[in-house]
Structures are given as structure tokens and as C-alpha cells.
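K.L.:
After the C-alpha cells below, expect a handful of questions from me.
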Amino acid sequence: MNFIKKIYTVFKKRELKEKKEEKKDIFLEEEKEKGTLVVDIYQTDKDFVIQAPIAGVKKEDIEVSVEENIVKISGERKRKIKEKGEFLIKECHFGPFSREVFLPEKVAAEKIKAKLENGILEIRLPFLKEKKEENLKIEIEEIPEE
């Protein structure tokens, strides 16, 4: 092999290796994003409702906490493979997951209810009822003319 061909081969191999590493980095970034839990949120006349599909996760592997108007859902989906083998397609996320949801107002923390049914986590967050005066008369301040 002549000198120029050797140099070309070395540079080509390095370029291919760099492209492979670049693709690997992109793939790892996508994998990190998969740990984010997807949710649906809707509002009734009494509460906010959060629904999150978390199939394959046990109740004891989920934690839900609320601080003011922030709901944090976290947990871990554990992989259970009984046989040795090689993945042909790997799209399911296993491992830790989390999600923080910011609600537009505070909720009654002591009345929050959560249930896990058919792989769907549902959290009901009742509105915080504050005493509001229905007919509030506003006093008008009179400022004397100069």
C-alpha cells in the first residue's frame, strides 16, 4: 500500500469512528429523555386530575409528592428478563422516571388521592378553598381638588 493510501485509510477510519461516536451520543441523549413520564392533565369543577400511563410499575415503586402547586411523580420501572438474549428492538424505557407538574394554583394537600388502576396512575388534587366574599363593596377614596 502506498503512503497516500495509508494516510487516506487512517483518516477515513478516524472519520467513521467519530461519526459512530456522534450517533452514539445522540442515541444516549434520546435515552435520557425517555425517563420523562408523560401525563394528561385536566380540570373538573372540583379538582385537577393527572393521569400517567406507567404499565409494569408496582405501587411501591412510585412516589408522589406535592409542595405548594408543584406535583412530583417519580419511580422506577424494573426490567424482568428471565432468558439471556440480544435485543433486536429496544424502545421501552426501564429504570428511573420522574415528572414535575406545575399547577396554576395551590391545592388542598390533605385531600389529595392517588390510585393505580390497569397501568394508569391517577392523581386527584382538590382545589384549595379559600374564603371569598361574594359581594365585596369597594370603598372609593375621594381626593380633594386643588
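Residue numbers (this note's numbering): 1 to 146.
All C-beta atoms, glycine included, are put in the ideal place defined by N, C-alpha and C.
Owing to the predicted nature of the structure, the values given are computational and were not obtained by experimental measurement.
#1: Exposed or buried, what is G75 when buried is set at 16 or more other beta-carbons lying within 10 Å of its beta-carbon?
#2: On the three-state DSSP scale, how would you describe K72?
#3: Please look up how many angstroms separate the CB atoms of L125 and V71, rounded, as I've assumed it's under 8 Å.
#4: Could you check if F87 is buried or exposed, using at least 16 other CB atoms within 10 Å of its CB as the buried criterion?
#5: Whose C-beta lies closer than 7 Å to the C-beta of F48 among residues of the same chain, with five residues either side of it excluded?
#6: Would DSSP call E63 helix, strand or coil?
#7: Answer yes or no: do I50 and V101 have a C-beta to C-beta separation smaller than 8 Å?
#8: What are the boundary residues of the beta strand (DSSP E) that includes A114?
#9: So who's on the other strand from P96, going by DSSP bridges?
#10: If you count every other CB in all the chains shown that lies within 10 Å of the CB of V38, and 16 or more means buried, which is it?
#11: Roughly how many angstroms lie between the CA atoms of K46 and E67, to the nearest whole one?
#12: Going by C-alpha distance, which of I89, G85 and V57 is nearest E97?
P.N.:
On the basis of the data shown:
#1: Buried, since its Cβ has 16 or more Cβ neighbours within 10 Å.
#2: In the three-state DSSP reduction, K72 falls in the strand class (E or B).
#3: Their Cβ separation, rounded to whole angstroms, is 7 Å, which keeps L125 and V71 in contact under 8 Å.
#4: Exposed: under 16 other Cβ atoms inside 10 Å.
#5: Same-chain partners within the cutoff: I41, L103, V107 and L125.
#6: E63 falls in the strand class under three-state DSSP.
#7: One thing to note: I50 has its Cβ within 8 Å of the Cβ of V101.
#8: Note, A114: beta strand (DSSP E), K113 to E117.
#9: For P96, which the question treats as bridged, DSSP gives the partners E76.
#10: So V38 ends up on the exposed side.
#11: Each residue's alpha carbon lies about 19 Å from the other.
#12: As written in the sequence, residue 97 is Phe, which differs from the Glu given in the question. The closest CA to that of F97, considering only I89, G85 and V57, is found on V57.
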